[in-house]
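Numbering-wise, this note's numbering puts 439 at position 167 of the sequence shown, and it's gapless, one number per residue.
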Amino acid sequence: MRRIVVFISVVMILFSQFAMGVTAQDRLPRRSRRVAVLADSIRAQMERQAAIKAQEQDRIADSIRLAEIENAARKMQARIALDSMAFVNAKLDSIMRAMTYADQIIDEATKYLGRPYKYGSSGPSSFDCSGFTSYVYRKFGVELQRSSTGQGRDGVAVKRAKDLEKGDLVLFGGRRSSSSIGHVGIVTDVDYESGTFSFIHAATHGGVRTDVSTEPYYKKRYISGRRIITAEMTHQIDSLRMDSLAHEMLKRQLEELGMQNND
Numbered sequence: 273m274r275r276i277v278v279f280i281s282v283v284m285i286l287f288s289q290f291a292m293g294v295t296a297q298d299r300l301p302r303r304s305r306r307v308a309v310l311a312d313s314i315r316a317q318m319e320r321q322a323a324i325k326a327q328e329q330d331r332i333a334d335s336i337r338l339a340e341i342e343n344a345a346r347k348m349q350a351r352i353a354l355d356s357m358a359f360v361n362a363k364l365d366s367i368m369r370a371m372t373y374a375d376q377i378i379d380e381a382t383k384y385l386g387r388p389y390k391y392g393s394s395g396p397s398s399f400d401c402s403g404f405t406s407y408v409y410r411k412f413g414v415e416l417q418r419s420s421t422g423q424g425r426d427g428v429a430v431k432r433a434k435d436l437e438k439g440d441l442v443l444f445g446g447r448r449s450s451s452s453i454g455h456v457g458i459v460t461d462v463d464y465e466s467g468t469f470s471f472i473h474a475a476t477h478g479g480v481r482t483d484v485s486t487e488p489y490y491k492k493r494y495i496s497g498r499r500i501i502t503a504e505m506t507h508q509i510d511s512l513r514m515d516s517l518a519h520e521m522l523k524r525q526l527e528e529l530g531m532q533n534n535d
């Protein structure tokens with residue numbers, strides 16, 4: 273009996289230890305799973321924070337790039353504005369100088385009012401129409417072709433009478449044909465509203481004189497205009513005048529030194 277009791281006790285102790293071992297083994301995976309879940313949660317949170325940080329860095333970088341682009345655009349706009357202003361100022365300066373030269377050309381042309389007409393003559397005692405215009409422009413260092421037909425190819429075309437300016441050439445049909453160039457003059461004034469103009473020319477009747485485009489004879493024969501006073505011409509005139517000024521200064525200096533300039 274005693275042996276049976278001892279045996280049962282031993283069996284119960286062994287069973288109890290076995291049960292405790294099984295329970296401990298069950299608890300171990302559950303704890304590991306909790307640790308793994310917690311680790312996954314921490315990792316996910318860190319990844320989210322890293323993604324948020326990366327997005328913030330991208331946003332900051334985009335802001336910097338946008339600011340750089342805006343700054344570059346402002347600089348470009350400023351440069352364009354300055355270039356445009358310089359272009360406009362240069363254009364206005366060219367126009368103003370051209371207008372000044374136009375007045376001087378007209379002043380030069382009017383010096384010969386009343387000089388007689390003579391076919392083939394280039395002045396200064398007498399002129400034909402193209403001889404007169406070429407003579408006046410030559411005073412400013414500009415060589416026009418000798419014939420009125422040739423002068424119809426000089427300079428730049430001005431198709432509408434309303435677009436004419438002082439100093440432009442105006443071309444008319446000849447006596448035999450009103451459709452082909454046969455006469456030329458220099459514009460002295462323009463009415464921009466009506467497109468009518470005054471001009472100075474060497475006419476077969478009256479010699480060097482001024483007339484208006486509304487006169488029936490010229491009105492029906494008017495063909496077109498040619499602009500001779502361009503920006504290139506103003507630069508050319510400036511250059512010639514600078515050379516002339518330098519020549520005069522040198523001449524005066526030689527005279528002051530008691531030397532003679534034979535040029």
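Don't be surprised by glycine CBs; every beta carbon is placed ideally from N, CA and C.
In this text, all values refer to a predicted model and were calculated from it rather than measured experimentally.
For secondary structure counted as the alpha helix (DSSP H) over 4 or more consecutive residues, the segment 419–480 holds these complete runs in sequence order: 420–423. The alpha-carbon separation between residue 393 and residue 488 amounts to approximately 27 Å. Contact annotation: the segment 491–498 touches the segment 434–453, with at least three C-beta pairs closer than 8 Å. With a cutoff of 8 Å on beta-carbon distance, residue 402 and residue 462 are scored as not near each other. A residue is called buried once 16 or more other Cβ atoms fall within 10 Å of its Cβ, and residue 423 is buried on that count.
Partner residues in the beta bridge of residue 483, as assigned by DSSP, are 471. By the 16-neighbour rule on beta-carbons within 10 angstroms, residue 427 is buried. Following the DSSP letters along the chain, one finds residue 410 inside the alpha helix (DSSP H) bounded by residues 401–410. If you keep only unbroken alpha helix (DSSP H) runs of at least 4 residues inside the segment 318–346, you get nothing at all. Residues of the same chain with a CB within less than 6 Å of the CB of residue 344, apart from the 5 flanking positions on each side, do not exist. One alpha carbon belongs to residue 330, the other to residue 352, and they sit about 32 Å apart. The alpha carbon of residue 388 has as its nearest neighbour, out of 484, 464 and 474, the alpha carbon of 474.
For a cut-off of 8 Å, the C-beta gap from residue 409 to residue 500 is around 6 Å, short enough to register as a contact. In this structure, 438 is the residue among 438, 459 and 454 with its C-alpha nearest to the C-alpha of residue 372. Here DSSP, grouped into helix, strand and coil, assigns residue 389 to strand.
Proximity to residue 386 across 452, 476 and 348 peaks at 476, based on C-alpha coordinates. Of all alpha-carbon atoms in 379, 347 and 306, the one lying nearest the alpha-carbon of residue 458 is that of 379. In the DSSP assignment, residue 384 falls outside any alpha helix (DSSP H), carrying neither H nor E. The beta carbons of residue 480 and residue 472 sit closer together than 8 Å. The residue from 414, 395, 524 and 482 with its alpha-carbon nearest to that of residue 502 is 414.
Taken atom to atom, the span from the alpha-carbon of residue 338 to that of residue 465 is near 52 Å.
For residue 491, the enclosing alpha helix (DSSP H) starts and ends at 488–491.
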